[in-house]
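Since the structure comes first, as structure tokens, the remarks are kept for the end.
Chains as they are written, first to last, in my numbering: chain B, 467 to 776; chain U, 467 to 776.
What follows is the structure, encoded as structure tokens:
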């Protein structure tokens with residue numbers, strides 16, 4: 467089951483983080499942009515080719531020390547068909563390096579529409595993307611999750627359902643209180659119920675949850691409520707979540723969560739912390755150093771809390 | 467404002483419906499599939515080319531009698547970059563014929579991610595899709611709607627926020643009761659609040675709402691709650707909603723809603739009602755007849771209820 471394979475990757479690399487491959491033009495070194503945007507094939511193709519070069523160098527620099535990557539599709543879709551080509555090629559390249567690929571797509575629809583999305587992201591067709599797990603939006607209810615689960619079971623894939631997101635206004639809907647429970651707790655119940663039949667050897671289900679690192683107490687509560695669900699945890703680093711916050715998303719077995727960082731890793735060479743030691747030609751090395759620092763930060767905190775997986 | 471232009475199109479065509487351009491291989495006539503899938507450029511490209519031919523013939527047959535089309539992106543994204551190319555070309559072609567293009571994309575994300583989606587669907591860049599309005603998922607709260615509204619104001623675009631969807635399990639989350647109101651009513655409040663500053667000459671806002679035709683009483687309640695929001699109404703026809711149900715989504719001025727039908731129109735030639743009179747080569751004519759029937763069905767019901775716009 468894919469969730470067991472994710473955990474294998476985590477244990478092998480001794481790393482609980484996932485790198486968000488969220489390319490933006492301002493992160494791309496000047497020399498790449500000059501070469502790629504100067505081509506005559508159109509602007510979108512030039513951007514897509516820039517992103518692909520950037521991503522491949524990042525993957526080459528990171529694949530032996532991280533278990534997974536998470537491309538956020540919006541940054542690709544923005545540039546249309548060429549962008550989506552870059553997305554699929556990025557996914558394929560990451561998978562060829564042994565990485566688990568989490569497509570952050572937040573799709574949510576019903577019936578044949580959900581089947582269409584699922585066929586692309588969780589399918590086994592020649593035209594399907596090389597994503598292993600994707601994120602799903604639950605606002606439309608069970609109908610909008612079930613079609614994805616069917617494909618997961620068939621094609622060895624998985625999903626993370628949005629439960630409690632890391633952004634400030636997640637409280638607008640997710641924190642409303644209904645029948646003595648917050649909406650995100652109702653969604654958590656749904657996730658538990660839908661995931662129960664799909665638990666792997668590791669004890670975790672391929673129906674996981676997105677739980678932000680920015681609301682620590684909510685995360686602690688959800689951790690107790692959803693023992694068998696793996697958490698995909700946004701909000702660490704740039705969004706203000708600390709290792710201590712993220713650690714709340716882990717079980718006592720030292721597993722149960724994979725913590726995302728995007729800009730803090732892929733654009734590390736531009737940060738005040740790294741920019742004196744790395745020039746833009748060394749963006750991938752800076753990313754590697756930032757990824758090691760993040761790995762150690764989380765591992766140290768987990769050790770302190772005696773949540774130890776190895 | 468785009469919402470005024472949508473209404474102009476509605477009034478000119480005396481038609482409150484929007485045609486869902488949701489192509490699936492089983493709807494495509496055999497002779498098109500044989501020609502396009504036989505090409506040597508790969509399966510996905512063959513499918514995309516089939517869809518594009520199908521869509522263009524439908525648009526040619528419908529553009530003078532309907533105000534808008536609504537391509538659901540899942541059916542295109544399913545086939546990767548080639549599918550997305552078909553989506554963008556379909557949108558451009560529909561717009562070139564004077565149709566309003568509603569991208570049913572149900573995107574929902576925050577910050578720079580939302581900006582990426584918005585730049586593609588509601589942007590004015592050379593690489594932006596020719597969509598005039600899109601659907602938005604509100605589960606992440608205000609943060610996930612605001613970036614889209616900014617682009618709408620700048621580029622004369624609009625959105626429909628999912629409020630109460632037409633599927634059976636929409637009750638799972640949307641009908642939970644919090645502080646004396648259902649979740650979808652809380653979302654409706656958000657939509658009203660966010661849309662207030664963006665009302666056009668018609669009296670309607672470019673921040674609209676998705677309200678299903680399958681829950682008539684909910685629709686009546688929402689209609690009262692959201693007087694200035696245009697409703698995009700799924701669920702008519704194939705999903706079981708009647709003209710009477712859909713009419714609940716209209717205001718007394720005979721406006722306020724645009725009713726979608728997809729399969730019932732674009733695959734009409736396969737339906738028991740039309741298949742004796744139309745062969746597959748006449749799929750576009752069958753679609754036209756089905757569209758006229760739907761137009762008249764809704765208009766008659768509105769007249770009966772004295773909700774008359776012309």
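Glycine residues also receive a C-beta, built at the ideal position from the N, C-alpha and C atoms.
Query	Result
Please report the straight-line C-alpha distance between residue 737 of chain U and residue 753 of chain U, rounded to a whole angstrom.	11 Å
What residue range does the alpha helix (DSSP H) around residue 764 of chain U cover?	749-770
Throw me the rounded Cβ distance for the residue 673 of chain B and residue 699 of chain B pair, which I believe falls under 8 Å.	Not really, about 16 Å apart at Cβ, beyond 8 Å.
Taking CB distances under 9 Å as the criterion, tell me whether residue 708 of chain B reaches chain U.	no
How many angstroms separate the CA atom of residue 712 of chain U from the CA atom of residue 602 of chain U?	21 Å
For residue 710 of chain B versus residue 678 of chain B, is the C-beta distance shorter than 9 Å?	no
Tell me the DSSP bridge mates of residue 409 of chain U?	Outside the displayed range of chain U (467 to 776) lies residue 409 of chain U, so it cannot be described from this structure.
Could you please give the first and the last residue of the uninterrupted beta strand (DSSP E) stretch that includes residue 697 of chain U?	695-699
Using only CA atoms, which one of B:470, B:624, B:575 and B:585 lies nearest to residue 545 of chain U?	B:585
Please list, in chain order, all residues of the same chain as residue 480 of chain U whose beta carbon is under 8 Å from its beta carbon, the five residues on each side excluded.	761, 765 and 776
Listing by chain order, which chain U residues have their CB less than 9 Å from the CB of residue 643 of chain B?	644 and 645
Between the stretch 645-653 of chain B and the stretch 621-633 of chain B, do at least 3 Cβ pairs fall closer than 8 Å?	yes
Is it a yes or a no for the stretch 567-584 of chain B touching the stretch 583-597 of chain U, going by three-plus beta-carbon pairs under 8 Å?	no
At which residues does the beta strand (DSSP E) containing residue 675 of chain B begin and terminate?	671-677
Check residue 512 of chain B in the structure and name its three-state DSSP category.	helix
Specify, as a first and last residue, the run of the alpha helix (DSSP H) that residue 476 of chain B falls within.	468-479
Based on Cα-Cα distance, which residue from U:519, U:767, U:730 and U:719 lies nearest to residue 486 of chain U?	U:730
Identify the contact partners of residue 633 of chain U in chain B, using a Cβ-Cβ distance below 8 Å as the criterion.	576, 577, 606, 607, 609 and 610
I'd like to know whether the C-beta atoms of residue 567 of chain U and residue 528 of chain U end up nearer to each other than 9 Å.	no
Please classify residue 544 of chain U: does DSSP put it in a helix, a strand, or coil?	coil
Tell whether a beta-carbon distance below 9 Å holds between residue 691 of chain B and residue 654 of chain B.	yes
Check the C-beta distance from residue 675 of chain U over to residue 626 of chain U and give it rounded, since I have them as a contact under 8 Å.	6 Å
Give me the DSSP bridge partner(s) of residue 643 of chain B.	B:648
Under 9 Å, CB to CB, which of the residues in the stretch 473-503 of chain B have a partner in chain U?	488 and 490
Pull up the distance between the alpha-carbon of residue 509 of chain B and that of residue 500 of chain B, whole angstroms please.	12 Å
Report the residue from B:612, B:492 and B:640 whose alpha carbon sits nearest the alpha carbon of residue 578 of chain B.	B:612
Under the rule that 16 or more other beta-carbon atoms within 10 Å means buried, what is residue 777 of chain U, buried or exposed?	This structure cannot speak to residue 777 of chain U, because chain U is shown only from 467 to 776.
Of all the CB atoms in chain U, is at least one closer than 9 Å to the CB of residue 423 of chain B?	In the structure as shown, chain B starts at 467 and stops at 776, and residue 423 of chain B therefore has no counterpart that could be examined.
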